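Below: the structure, in structure tokens.
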Amino acid sequence: MTLWTWVAETARRFREEERPELADAVVRLPLLAAEGETERIRTVLPSALRALREADGFLPVWLEGYFRHWPLAARVGHRGEGTTALAAAEEALVAAHGEAEDADDAAASCGPASCAAQNVLDCYANIDGPGRTADRTALLAEAMAHSGPGHPAWEALVVAHADMLIDDERPEEAVRELDLRAEEIRGAGAEVGMEYGFAYVRALRYQDRYTDALLVLERLEEGALASVPAGTARTAAARRLRFERARLLAWLSRAGLKPAEEAAAALPDATEADAHPRLRKAWTDAAEDLAAQGALANDWKTGVALTTWSRYAERVGADRRCAQLSLTAARLAAARGARWVGESALARARRALGRIRRSDELAADLDEARGLVLGLPPVVLPVGAADLVAELRKEPRETVDPERQADLVVAARTERPDDSVLLSALGQVGRTLKLGDTAAEPQWSRVRRAPSDQRAALSLLETLLQDNDTAGVRVLVRTLTEAALTPSTPN
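Taking the numbering used here, the leading residue of the sequence shown gets 44, the next gets one more, and so forth.
Next comes the structure, spelled out in structure tokens:
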């Protein structure tokens, strides 16, 4: 039984029992989670819980846990959060174990997404899938012991098991597991859903069976997609199909098995990936393969997208994803000659690698990317360092390349490190390139050494505000205030 089948049947039963508010909440919360609508979930959840408290008569023991599941599911699913959601996910899992001791057999009928273990499993995978395989294996063994074929939670747990096997470099075993469990589910009179198909695609892709994976996607589109309820749920499933197809076609075109034009046409717009964090890695993989063939423009705007996404992954503690996105950003930056952006991406990847457990493959990728970035030719200033900013201001706005300008400003600062005009220019291009954190480092250094430098302080403030760094703003205010109150040392 798929999630959406269970949701429809449960909502129908509540409506027959004249509990329309509960029926609506059962349907609406997973739909909002599928789109990552965390704020709207927070709005809907109190009314759902209130309807639950006000209901008289018997209600399933798992219903409150089901409702409370969805805020976290949106965060670790659609939004791809890692360490920022881990404590809450683990706390919910502990609470669910306590509730399970008091629950009766009716709890077995709960929906797959109500399983608190699933959020923890997703969280582990987001943080460091390969490095967390032991944790995931132990949790899966426990969770699967309390479910079975025909129960709605079973499919989600089987998919999580397959994903764990893939991350543990056992994709062939994952395919066998999926085949075996599909037979069991069908034997119990149920059908497998879209998530099963996506797990197949991932397992095949990790075996370099891209053509087979593309055939699976086509079968999903022709069959399983129609079983997903029309509206938000089907839109989300269709969107994921498009992103997965773009990734497969891009790889096949790079391998000479598909026309590059077909692959490029299949790539969704970057703004769509920006709106759906779970899909950014698929877009990035496809974009890198297309850019390598000249079928996609590798320009500074592509760099901004990858920087934004890698910084997001870093902020939410999705460490392996951060490393992967940052390494792609570094390679593409090197290909277009953007040294400062490439070095910033390398630094971010290096930080992420320090937080994951299995990093051998990524460490080798880091060495390769570092060689590409450091192998770029030295930057040559067109004018003296003191005159650079005035020269850059003459450039027509429509032809400005902020990555080139950043490299020039960085090179000029090696000659004039305390030049506030250059430092302000670095802040400006840093904000354009969404590299405020990198630009802020030399700005902080200057402000701490010379708090009376108003230009440097103002530029740093602008950088912090764009980054929504309220803590940094408070530190800046305190730094400037303390400097103003400290008596000057007489000469």
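Where a beta carbon is used, it is the ideal one built from N, C-alpha and C, also for glycine.
Fair warning: this is a prediction, and the values are worked out from it, not measured in the lab.
- Straight-line measurement puts the Cα of residue 362 at about 21 Å from the Cα of residue 160.
- For residue 496, no alpha helix (DSSP H) encloses it, and the DSSP letter there is neither H nor E.
- Judged by DSSP in its simplified three-state form, residue 365 adopts helix.
- Around the C-beta of residue 497, fewer than 16 other C-beta atoms lie within 10 Å, and the residue is accordingly described as exposed.
- When the five nearest sequence neighbours on each side are left out, the beta carbons in the same chain lying within less than 7 Å of the beta carbon of residue 372 are those of 346, 349, 350, 353 and 388, in order along the chain.
- Three or more beta-carbon pairs separated by less than 8 Å are not found between the stretch 393-409 and the stretch 178-185, which leaves the two stretches without contact.
- Selection 517, 302 and 392 evaluated against residue 365 yields 392 as nearest (Cα-Cα).
- Comparing alpha carbon positions, the residue from 327, 309, 417 and 306 closest to residue 316 is 327.
- Burial check for residue 297: the Cβ neighbour count within 10 Å reaches 16 or more, so the residue is buried.
- The residue among 500, 440 and 455 with its C-alpha nearest the C-alpha of residue 430 is 455.
- By the Cβ-count criterion, residue 63 is exposed, with fewer than 16 other Cβ atoms from all chains shown falling within 10 Å of its own Cβ.
- Leaving aside the five residues that flank residue 125 on each side, the residues in its chain whose CB is nearer than 7 Å to its CB run, in chain order, 166, 169, 170, 359, 360, 361 and 362.
- In this chain, the alpha helix (DSSP H) harbouring residue 49 covers 46-59.
- For the pair of segments examined, the stretch 462-473 was found to touch the stretch 497-509: the number of CB pairs separated by less than 8 Å reaches three.
- Counting along the chain, the unbroken alpha helix (DSSP H) around residue 344 starts and ends at 343-358.
- From the listed residues 287, 68 and 89, the smallest Cα separation to residue 324 is found for 287.
- Within 10 angstroms of the beta-carbon of residue 110 lie 16 or more other beta-carbons, which makes it buried.
- With a threshold of 16 other beta carbon atoms within 10 Å, residue 320 meets it and is buried.
- Counting every other CB atom within 10 Å of its CB across the protein chains shown gives residue 57 a total of 16 or more, marking it as buried.
- DSSP places residue 124 in the coil class of the three-state scheme, outside both helix and strand.
- Note on residue 274: under 16 other CB atoms within 10 angstroms of its CB, so exposed under the neighbour-count rule.
- Listed in chain order, the non-local C-beta contacts of residue 382 below 6 Å within the same chain comprise 419 and 450, local neighbours out to five positions each way being set aside.
- Per DSSP, the unbroken alpha helix (DSSP H) holding residue 241 starts and ends at 237-248.
- For residue 326, the secondary structure class from DSSP, reduced to helix, strand or coil, is helix.
- Distances from the CA of residue 515 to each of 526, 486, 244 and 374 were compared; the closest alpha carbon is that of 486.
- By the criterion of at least three beta-carbon pairs nearer than 8 Å, the stretch 396-405 is not in contact with the stretch 199-207.
- Buried is the label assigned to residue 241, since at least 16 other Cβ atoms lie within 10 Å of its Cβ.
- In this structure, residue 426 places its C-beta atom within 8 Å of the C-beta atom of residue 434.
- For residue 105, there is no enclosing alpha helix (DSSP H), since its DSSP letter is neither H nor E.
- Rounded to whole angstroms, residue 190 and residue 183 show a C-alpha spacing of 11 Å.
- Looking at the backbone, the Cα of residue 192 and that of residue 265 are separated by about 25 Å.
- Collapsing the DSSP output to three states places residue 280 in a helix.
- No Cβ-Cβ contact shorter than 8 Å links residue 102 with residue 87.
- The stretch 457-531 contains, as complete alpha helix (DSSP H) runs of 4+ residues, the segments 463-475, 479-492, 497-509 and 513-528 (chain order).
- In its chain, beyond the 5 residues on either side, 455, 458 and 459 have a beta carbon closer than 6 Å to the beta carbon of residue 428.
- Taking 8 Å as the upper bound for CB-CB distance, residue 115 and residue 162 are in contact here, some 5 Å apart.
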